[in-house]
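There are 2 protein chains.
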Amino acid sequence: MIIDCHGHYTTAPAALQEFRDAQLARLKDPSLPVPPAPEISDEEIRGTIEGNQLRIARERGHDLTIFSPRASSMGHHVADPETAVTWARVCNDLIYRVTTLFPENFAGVAQLPQVAGEPLDASVRELERAVTELGFVGCNLNPDPSGGFWSSPPLTDEYWFPVYEKMTELDVPAMIHVSTSCNPAAHTLGAHYLNADTTTFMQLVQGRLFERFPTLRFVIPHGGGAVPYHWGRFKGIAMREKFPPIEENVMSNVCFDTCVYHQPGIDLLTGVVDAGNILFASEMLGAVRGNNPDGDFPWDDTKRYVEAAKLADADRARIFEENARRVYPRLDARLKAQGR
Amino acid sequence: MIIDCHGHYTTAPAALQEFRDAQLARLKDPSLPVPPAPEISDEEIRGTIEGNQLRIARERGHDLTIFSPRASSMGHHVADPETAVTWARVCNDLIYRVTTLFPENFAGVAQLPQVAGEPLDASVRELERAVTELGFVGCNLNPDPSGGFWSSPPLTDEYWFPVYEKMTELDVPAMIHVSTSCNPAAHTLGAHYLNADTTTFMQLVQGRLFERFPTLRFVIPHGGGAVPYHWGRFKGIAMREKFPPIEENVMSNVCFDTCVYHQPGIDLLTGVVDAGNILFASEMLGAVRGNNPDGDFPWDDTKRYVEAAKLADADRARIFEENARRVYPRLDARLKAQGR
């Protein structure tokens, strides 16, 4: 089977954004009423999913998508913890409904109510709720909740440990994914996302996080940012600065996804990074939509590139399915319960 | 001939750093004396160059290096304009001495006295001095003088126009190169440098800078950061967001260098980016030193990778020499005056 480990509900019904707008309006004007949870019917959810992500997944032959709230809308820069908690709950509850309406096609991953500069207690609570009550199989963790100003300590800092402890206890991985950029210097999709991937990887190279948390698992999206393209640079820097070898210190616990939208990029990724560290993903419908006019197929049809890459069949199976089942054991259990 | 467009004087005699330390000490304690310019003999310069960059260039067969002060030491985050002006002059004067001691092997590129948040008048003056009095052929421009906090406007903003006007008048290009990271989240060599390359490129994709400055030329170092690896992503985002085509709007005026320290990276770069937009470079002795134990040759021996890449001989000649002569016309004039 083919598991797409990176999907966001970018096509959610309009009532979700209206709720968010009302939340933000009330932050500016506290005299406004507390907005009620958005009213969204099952029909609306079915329509937005069947007309978009599920339609395309079926066309391409993806069997299941690991699905989370829209990353750019997480908005962890909004400096009000209560607002963040409510927003994450509303978003996760909507993902839960997608996973119950389409249990064979979607598994949930949680948005956490992070707030730049605040402790992570509420994130730990929401992670526990999402996994134990909603059946989610992982979470998204934002290494820069400030939204482009990088005011948080590196992911190796103990600031993050409460989340890692809960992830370890629940045996769920995190995709390391930023939200929108509030910094005019850094375009959200064309700079901030990729920079976050690169920055995070280097934080892990510098530290020894997985000695402390040996079963903690991260997925770095967007093909690992700049990392595989500069694999020699990272290996060389690690040697020069006397960091432990990357293969042991980082790649023991980190995977990259395949959200790289052209054949040469996937060829490099699969040629440089061990197949055990690559998870199939498309981020459909995400940053890049529409067709590449050169070939008249969608930029984000990454299955096409992975199929064309020079890989042994066994390695392709790891990338398409087996690695995801290993990294997301709760997904594996869910699939097995379905007889898959 | 082979022109390495990206070298820094990372092996400068210790007196240079001692001068800088005295400068910074005086900023903390203004009662300290103004430090005198560092005393460095021609012999010391010869020793540090012949024992390092020139020795290795000869071993590898590089003919000329476009040479600038150490990038990580530019220190544009230090918030004192007068200090920045003096530091840039001292550094550039030292590069000038290298270029006069080894006129066939080195051409100068200027450090600018940028200060985060300050206007660029002093940078314009130093650029003019370096080009007209020291014979320099270009400059380094730092898109994030804050050192990892990205507080400056995008390179398409009119804040930067005074430098562009002077560059246009003098017909010199800029390499877009940040300095050290002051942000603990972003490692200087393993994150900040690459992020800056990616960020800058996307700023140019979003804008129309070269309509306003049609002869302005930028070199984005380190193989363009994450850009070539994600070439499909950038092309797709440009289409989706209705930016003009990257080839016309950006690549008309932008080149990437070849500071990518493994064969698959150079293969991707040369396979994806037009050979007219690639300048040979090694950044030797820079971020990555020492040998790749897998092949027992230096990580930064990029000539080896470019030679092994599947390129027509004519394209390899463009990458090794012709593009640099086009992008740096003052270098071309200097070489012609030498009969080269």
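For the protein sequence lines, the chains are V and H, in the order given. Residue numbering for the first sequence follows my numbering, beginning at 1 and increasing consecutively. Residue numbering for the second sequence follows my numbering, beginning at 1001 and increasing consecutively. For glycine and all other residues, C-beta sits at the position ideal for the given N, C-alpha and C.
Status (buried if at least 16 other CB within 10 Å, exposed otherwise) for residue i
| i | result |
| --- | --- |
| H:Pro1154 | buried |
| V:Gly148 | buried |
| H:Gly1051 | exposed |
| H:Leu1279 | buried |
| H:Ser1146 | buried |
| H:Asp1197 | buried |
| V:Pro113 | buried |
| V:Ala337 | exposed |
| V:Gly265 | buried |
| V:Gly75 | buried |
| H:Thr1215 | exposed |
| V:Ser252 | exposed |
| H:Val1250 | buried |
| V:Arg58 | exposed |
| H:Gly1290 | exposed |
| H:Arg1020 | buried |
| V:Lys28 | exposed |
| H:Ser1031 | exposed |
| H:Pro1036 | exposed |
| V:Gly294 | One point to set straight first is that residue 294 of chain V is Asp, not Gly, in the sequence displayed. By the neighbour-count rule (16 or more Cβ atoms within 10 Å), V:Asp294 is not buried but exposed. |
| V:Thr132 | exposed |
| H:Ala1088 | buried |
| V:Lys166 | buried |
| H:Val1034 | exposed |
| V:Arg55 | exposed |
| H:Arg1070 | buried |
| H:Pro1298 | buried |
| H:Arg1217 | buried |
| H:Ala1309 | buried |
Supposed close pair residue i, residue j - CB separation, criterion 8 Å
| i | j | result |
| --- | --- | --- |
| H:Gly1007 | H:Glu1283 | 7 Å |
| V:Ala110 | V:Leu94 | V:Ala110 to V:Leu94, Cβ: 12 Å. No contact. |
| H:Ser1179 | H:Ser1072 | 6 Å |
| V:Asp300 | V:Gly286 | 7 Å |
| H:Ile1002 | H:Gly1061 | 6 Å |
| V:Thr302 | V:Thr258 | 5 Å |
| H:Gly1108 | H:Val1137 | 7 Å |
| H:Thr1048 | H:Thr1011 | 5 Å |
| V:Asp171 | V:Arg330 | 7 Å |
| V:Trp150 | H:Ala1130 | Incorrect: roughly 32 Å between the Cβ atoms, too far for contact. |
| V:Tyr229 | H:Ala1226 | 7 Å |
| H:Ala1174 | H:Ser1152 | 15 Å between Cβ atoms; not a contact. |
| V:Cys255 | V:Asn323 | 6 Å |
| H:Arg1240 | V:Val98 | H:Arg1240 to V:Val98, Cβ: 24 Å. No contact. |
| H:Leu1335 | H:Arg1325 | 7 Å |
| V:Asn92 | V:Leu24 | Between V:Leu24 and V:Asn92 the Cβ distance is about 19 Å, and since that is not below 8 Å, they are no contact. |
| V:Leu101 | V:Ile45 | 6 Å |
| H:Phe1213 | H:Tyr1164 | 5 Å |
According to DSSP, residues forming a beta bridge with residue i
| i | result |
| --- | --- |
| V:Ser68 | V:His8 |
| H:Phe1218 | H:Ala1174, H:Val1254 |
| V:Cys139 | V:Ala110, V:Ala174 |
| V:Ile95 | Beta-bridge pairing links V:Ile95 to no other residue. |
| V:Ile3 | V:Leu64 |
Cβ-heavy atom distance, residue i to the ligand NAD, below 8 Å
| i | result |
| --- | --- |
| H:Val1260 | Absent from the structure shown: the ligand NAD. Ligands present: none. |
7 Å Cβ cut-off: residues of chain B touching residue i
| i | result |
| --- | --- |
| H:Val1288 | Included in the structure are the protein chains V and H, with no chain B among them. |
Below 8 Å, can you find three or more Cβ-Cβ pairs linking the stretch 267 to 276 of chain V to the stretch 314 to 327 of chain V?
A contact exists between the stretch 267 to 276 of chain V and the stretch 314 to 327 of chain V.
What are the complete beta strand (DSSP E) segments, minimum 3 residues, inside the stretch 1231 to 1317 of chain H?
Entirely contained in the stretch 1231 to 1317 of chain H, the beta strand (DSSP E) runs reaching 3 residues are, in chain order, 1254 to 1257.
My parser needs the beta strand (DSSP E) runs of 3 or more residues fully inside the stretch 1154 to 1216 of chain H; what are they?
1174 to 1176, all fully within the stretch 1154 to 1216 of chain H.
Could you tell me whether the stretch 1124 to 1141 of chain H touches the stretch 1154 to 1165 of chain H, using the rule of 3 or more Cβ pairs below 8 Å?
The stretch 1124 to 1141 of chain H makes contact with the stretch 1154 to 1165 of chain H: 3 or more CB pairs, one atom from each, lie closer than 8 Å.
Output the residue ranges of the beta strand (DSSP E) runs that lie fully inside the stretch 101 to 129 of chain V and measure 3 residues or longer, sorted by chain position.
Fully enclosed beta strand (DSSP E) runs of no fewer than 3 residues occupy 106 to 110 of the stretch 101 to 129 of chain V, in order along the chain.
Given 8 Å as the limit, is there contact between the stretch 118 to 132 of chain V and the stretch 76 to 88 of chain V, that is, 3 or more CB pairs closer than that?
Between the stretch 118 to 132 of chain V and the stretch 76 to 88 of chain V there are three or more C-beta pairs closer than 8 Å, enough to call the two in contact.
With three or more beta-carbon pairs closer than 8 Å as the criterion, would you say the stretch 184 to 196 of chain V touches the stretch 1217 to 1224 of chain H?
Flag = no, the stretch 184 to 196 of chain V and the stretch 1217 to 1224 of chain H do not touch.
Contact the stretch 1199 to 1210 of chain H vs the stretch 223 to 241 of chain V: 3+ CB pairs below 8 Å:
Judged by pairs of C-beta atoms under 8 Å, the stretch 1199 to 1210 of chain H does not touch the stretch 223 to 241 of chain V, as fewer than three such pairs exist.
Is it the case that the stretch 1034 to 1043 of chain H contacts the stretch 1014 to 1023 of chain H, given that we only count it when at least three CB pairs across the two stretches are under 8 Å?
The stretch 1014 to 1023 of chain H vs the stretch 1034 to 1043 of chain H: in contact.
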